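Presented below is the structure to which this report refers.
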Amino acid sequence: MLWRRRSGRDPEEDRVHEAAHGRAAALVPAQKVLRHSVRGQVLDALRAALVDGELVPGEIYSGPALGERFGVSATPVREAMQQLALEGAVECLPNRGFRVLSRTPRTLAELAEVRALLEVPVMLGLARTVPARAWAALRPTAAAAAEAAEAGDLAGYADADRAFHREALSLGGNEQLVAVAQELHRRSQWPLPGAPRTRRAELVADAAEHTALLEALIAGDLPLVEPLLRAHFAARFSTR
Numbered sequence: 071m072l073w074r075r076r077s078g079r080d081p082e083e084d085r086v087h088e089a090a091h092g093r094a095a096a097l098v099p100a101q102k103v104l105r106h107s108v109r110g111q112v113l114d115a116l117r118a119a120l121v122d123g124e125l126v127p128g129e130i131y132s133g134p135a136l137g138e139r140f141g142v143s144a145t146p147v148r149e150a151m152q153q154l155a156l157e158g159a160v161e162c163l164p165n166r167g168f169r170v171l172s173r174t175p176r177t178l179a180e181l182a183e184v185r186a187l188l189e190v191p192v193m194l195g196l197a198r199t200v201p202a203r204a205w206a207a208l209r210p211t212a213a214a215a216a217e218a219a220e221a222g223d224l225a226g227y228a229d230a231d232r233a234f235h236r237e238a239l240s241l242g243g244n245e246q247l248v249a250v251a252q253e254l255h256r257r258s259q260w261p262l263p264g265a266p267r268t269r270r271a272e273l274v275a276d277a278a279e280h281t282a283l284l285e286a287l288i289a290g291d292l293p294l295v296e297p298l299l300r301a302h303f304a305a306r307f308s309t310r
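This note's numbering puts the sequence shown at residues 71 to 310.
Written out as structure tokens, the structure reads:
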């Protein structure tokens, strides 16, 4: 009774009030998810535009102008661009917009070298311990990459390429390693300023390397796995 006199309400009323408040609060995450979904879609579209070369290195893009292009407000565009700034793709220019950063052949070669130092020894270790059935589960991912390559879909192939490497490395169970490797991989996919568009034949050849490597892993052919792995990265050092 003392608690009731202090609160001025019956305990049952307070429980009803708290339940109603909880239901109202539960609506907030849904609204946030919707907003994050829009930002995520814009971020995916901007990443694809970077890979395709539609966002040109050195050019400045404004949030409102890109918002009109995507049919959204400038806010999710700015949020997506800020994420790209954290990834090293653009720089923020106060009161002007975002400039797409330029890169050099040496930058790409260095990224390839770091990726090789990280991925090759890990994959060689996995080749000795992961069973064939686990490698075989990656066949649909390799097939999706090959399909995107055949279609000449550069942005689609970039996603499929990362997915193949991500799924392979994930077999080791080290989530931090996978996250670092994926970030390096994404950065390595942005084209050089003025570089010609990657040809369909180059995509097809790269996808074929995935398939050959995967079949060697499934077969447990360790003497073949290592040269295939090293060759997959070696071509990327040639621009250094």
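Note that CB positions come from ideal geometry on N, CA and C, so glycine has one too. None of these values were measured; they are calculated from a predicted model.
Just to confirm, are residue i and residue j a CB contact at a threshold of 7 Å?
i, j, result
"residue 181", "residue 257", "yes"
"residue 200", "residue 239", "no"
"residue 124", "residue 170", "no"
"residue 284", "residue 298", "no"
"residue 286", "residue 295", "yes"
"residue 263", "residue 127", "yes"
"residue 212", "residue 281", "yes"
"residue 219", "residue 273", "yes"
"residue 277", "residue 216", "yes"
"residue 117", "residue 146", "no"
"residue 140", "residue 112", "yes"
Where does residue i sit, in a helix, a strand or coil, going by DSSP?
i, result
"residue 267", "coil"
"residue 167", "strand"
"residue 253", "helix"
"residue 295", "helix"
"residue 274", "helix"
"residue 157", "coil"
Could you name the residues of the same chain whose beta carbon sits closer than 8 Å to that of residue i, not counting the 5 residues immediately before and after it, in chain order?
i, result
"residue 268", "224, 261"
"residue 148", "133"
"residue 162", "151, 152, 155, 168"
"residue 93", "Caution applies to residue 93, whose pLDDT of 35 falls short of 50 and renders its modelled position unreliable; the model cannot decide the point."
"residue 195", "242"
"residue 208", "234, 237, 238, 284"
"residue 198", "292"
"residue 232", "252, 255, 256, 259"
Excluding sequence positions up to five away, which residues of its chain have a Cβ less than 6 Å from the Cβ of residue i?
i, result
"residue 379", "Missing from the structure shown is residue 379; the chain here goes from 71 to 310 and no further."
"residue 143", "137"
"residue 185", "254"
"residue 259", "121, 228"
"residue 119", "125"
With a cut-off of 8 Å on the beta carbons, I'd call residue i and residue j a contact; round off their distance for me.
i, j, result
"residue 230", "residue 214", "5 Å"
"residue 133", "residue 167", "6 Å"
Near residue i, which residues of its chain fall below 7 Å by C-beta distance, leaving aside the five closest residues on each side in sequence?
i, result
"residue 300", "190"
"residue 302", "279, 283"
"residue 248", "236, 239, 240"
"residue 275", "none"
"residue 205", "284, 287, 288"
Per DSSP, which residues does residue i bridge with? Please list them.
i, result
"residue 112", "Paired residue(s): none; residue 112 is not in a bridge."
"residue 130", "169"
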